[in-house]
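Only one structure is covered here, and it is reproduced in the block below.
Protein chains in written order, with the UniProt record's numbering: chain R, 1 to 469; chain D, 1 to 301.
If you want it as structure tokens, here you go:
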């Protein structure tokens, strides 16, 4: 009846077949050592020791940003530098399905853009020693600013985000701003101003209601994590970034802390007073279309939103970003604070045939041509600082840049349990829908999340991560 | 012996394929269920029954099981009853004409209509019903409700309705096939039995319960088992239709969804295999039980 389920089971079966499993079940963990590729001699031009003739395989997730940027910019640069090397380019929308059997068999590509709904679980890859240490890359001289190390050319938080168990393993390539998005033209036409306090937010909700507009909506069917982010960032605004750091560290009582409860209660009340329950059953595209039709005033999302909706956006709509209004008068972070995060993960396979080439490829992505070209092509800012002068940016990116300026040092940190403990994050999504729909109270939300976090903490089969900043 | 060799020669290849692609994955699933395999390397450790212990302590597992139970009772019952009714209407309810039983007027047309959902891929059905169940006034059902002055209903977002909404889709999709199956079964019943019953003054209802159904029993039994096994599935529809893949609050989750999440979401292939083993035994137990309970004396005609 359902081919999809069969695919799943077949996938399980075939993946198992690919390994000589009968032997492996007893063979134990250190059964299959990967091939180790030796580096060529290093020099000023070749700080990473790339073997000029060795083949390089690059796997790109071909999603919203496509894969053209990789072919035209980064692979072209590599080809120019190492004309003898053959480059194999693979574009896929199913990173996991395509690569999982290859990791098992030991035939791995060198560079992987681990994105999309089927992205591989990084934690288990690290546990199996599949991810190369990116330290040589970060310590190498930058191609964009030759007098600096790569590490020193990146926006704050980019290096910290590459760390897994204290070792840099994954390069998050793009920067995204996450807060509330609204139609600047609608606000202008109505003479409304962006609310800075929760009272103003509620007052605007009344105004919007009169105009037949829903103050706030998030997509409950696909994408309740937009609201989970929103809840966590709001909590950080009340209690400071420590709230998020505690959550990531699975600290005792991290979820039952007062700022979390206050943030959840405030948003649940907004949903109750000004929300529309229909959005619990809509996916992100449907909700974003409603937003473009001015049926929704504020939508919680990241700065990729404009790119994603470029085809549907009418001229009467101009994306702009607004920080979440201050919930209490004693918030730890000022109103201007927004979340600035990194995404688009790239890693180099440790057991591939050309890890040095892989690191060099990432260095080229962080070069002036590589990063600026990427921004030009995909309208996404990269983590390399100071390369966008004179670029034609969209109104959303401009608005985000302004918000970043206003925020200054007051940025909300990203929540890393999203990738560290995906199970907790997924559970958080179901709990978010539940509390927003009023099926559970904010107190129950906090208690449920805490219970799940405690369970994970006690589960020895899951490797734990910690962060201090 | 020569004849056996001949038969064995023909069977060798299919049996080999079956062993490699069906039996061995099953066996390996049993093996993997006892390990902590993460799905990205050949290395794994034997952890005994840890995965099963985790499974029995997991609320999501029990929730999936409860949903399967509801599916198992309602889905086959609704599908078989509807299919029997439609098949009877199409084949025998038009009364006797020229000595043979005929269906209601236009039965040829209805036959095609009933079978139509069967040729649609499950994913298409999912997308179709996403539009049907859409929770605002753009939804097919809710649009009608709003125009009639009602409030839109959260078919898939209300935890009391969500599972029933999905069951309705499953029934809608399955009924056509069983109408055809039962029609074929009815066509195989000798016409003179109907004629005799008709001469004895049996009405349509009496004819159905005393003649058609008993003679169709084996076909119904087979259908029941198929539908029961389908009730242990439901993955594609749940994945496409429900919120949070099995929500709200786990109201629509099924074992296959849990397997998918754990294997491909959390890289817990060992635990996912343990769920798979549980599903295997549940399906097997169900099939064996149904065969036993519904066993009747065979009517030879």
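Cβ atoms here follow ideal geometry from the backbone N, Cα and C, with glycine treated the same way.
- Per DSSP, reduced to three states, the secondary structure at residue 113 of chain R is strand.
- Ranked by Cα distance from residue 29 of chain D, the options D/268, D/295 and D/289 are led by D/268.
- Annotation for residue 178 of chain R: the continuous beta strand (DSSP E) segment containing it runs 171 to 183.
- Contact annotation: in the segment 108 to 131 of chain R, residues whose CB is within less than 9 Å of a CB in chain D are 118, 120, 121, 123, 124, 125, 127, 128, 129 and 130.
- Between residue 290 of chain R and the set R/139, R/217, R/169 and R/443, the nearest pair of CA atoms involves R/217.
- Its chain contains 442 as the residues whose beta carbon lies nearer than 6 Å to that of residue 265 of chain R, once the 5 sequence neighbours on both sides are disregarded; these appear in chain order.
- Approximately 5 Å separates the beta-carbon atoms of residue 50 of chain R and residue 357 of chain R; this is inside 8 Å, confirming the contact.
- Residue-level contact by beta carbon holds for residue 277 of chain R and chain D, with a gap shorter than 8 Å.
- Of the residues assessed, residue 68 of chain D falls on the buried side of the cut-off, its CB having 16 or more other CB atoms within 10 angstroms.
- Residues of chain R with a Cβ closer than 8 Å to the Cβ of residue 38 of chain D are, in chain order, 121, 124, 127 and 128.
- Under the DSSP definition of a beta bridge, residue 149 of chain D lacks any partner.
- Uninterrupted alpha helix (DSSP H) stretches at least 4 residues long and entirely within the segment 136 to 202 of chain D occur at 140 to 147, 162 to 187 and 191 to 199, given in chain order.
- Distance between residue 382 of chain R and residue 296 of chain R, taken at the CA atoms: about 30 Å.
- DSSP, read as helix, strand or coil, puts residue 105 of chain D in coil.
- Per the coordinates, the alpha-carbon of residue 353 of chain R lies some 8 Å from the alpha-carbon of residue 108 of chain R.
- Of the candidates R/52, R/86 and R/423, R/423 places its Cα closest to the Cα of residue 261 of chain D.
- Straight-line measurement puts the Cα of residue 40 of chain D at about 21 Å from the Cα of residue 21 of chain D.
- DSSP, read as helix, strand or coil, puts residue 130 of chain R in coil.
- With fewer than 16 other Cβ atoms inside 10 Å of its own Cβ, residue 281 of chain D counts as exposed.
- Residue pairing by DSSP places residue 68 of chain R in no beta bridge whatsoever.
- Judged by DSSP in its simplified three-state form, residue 48 of chain D adopts coil rather than helix or strand.
- Among the CB atoms of chain R, one or more fall inside 8 Å of the CB of residue 244 of chain D.
- Looking only at R/102, R/257 and R/250, the smallest Cα-Cα distance to residue 239 of chain R is reached by R/257.
- Residue 16 of chain D has its alpha-carbon roughly 36 Å from the corresponding atom of residue 183 of chain D.
- Taking all protein chains in view, the Cβ of residue 392 of chain R is surrounded by fewer than 16 other Cβ atoms within 10 Å, so the residue is classified as exposed.
- Annotation: Cβ neighbours of residue 247 of chain D in chain R (cutoff 7 Å, chain order): 430 and 433.
- With respect to the 8 Å criterion, residue 91 of chain D and residue 187 of chain D are classified as neighbours on the basis of their beta carbons.
- Residue 320 of chain R counts as buried, since at least 16 other C-beta atoms from the protein chains shown sit within 10 angstroms of its C-beta.
- Nearest in C-alpha terms to residue 243 of chain D, of all of D/213, D/257, D/233 and D/53, is D/257.
- Three or more pairs of CB atoms, one per stretch, sit closer than 8 Å, so the segment 336 to 354 of chain R contacts the segment 407 to 423 of chain R.
- Counting C-beta atoms within 10 angstroms of its own C-beta, residue 119 of chain D has fewer than 16 neighbours from the protein chains shown and is therefore classed as exposed.
- The beta carbons of residue 154 of chain D and residue 280 of chain R sit closer together than 8 Å.
- Residue-level contact check: residue 147 of chain D does not touch chain R, since none of the beta carbons of chain R fall below 8 Å from its beta carbon.
- For residue 379 of chain R, no alpha helix (DSSP H) encloses it, and the DSSP letter there is neither H nor E.
- Note that the segment 270 to 285 of chain D does not touch the segment 243 to 261 of chain R; fewer than 3 beta-carbon pairs, one per stretch, sit closer than 8 Å.
- Ranked by Cα distance from residue 38 of chain D, the options D/292, D/291 and D/271 are led by D/271.
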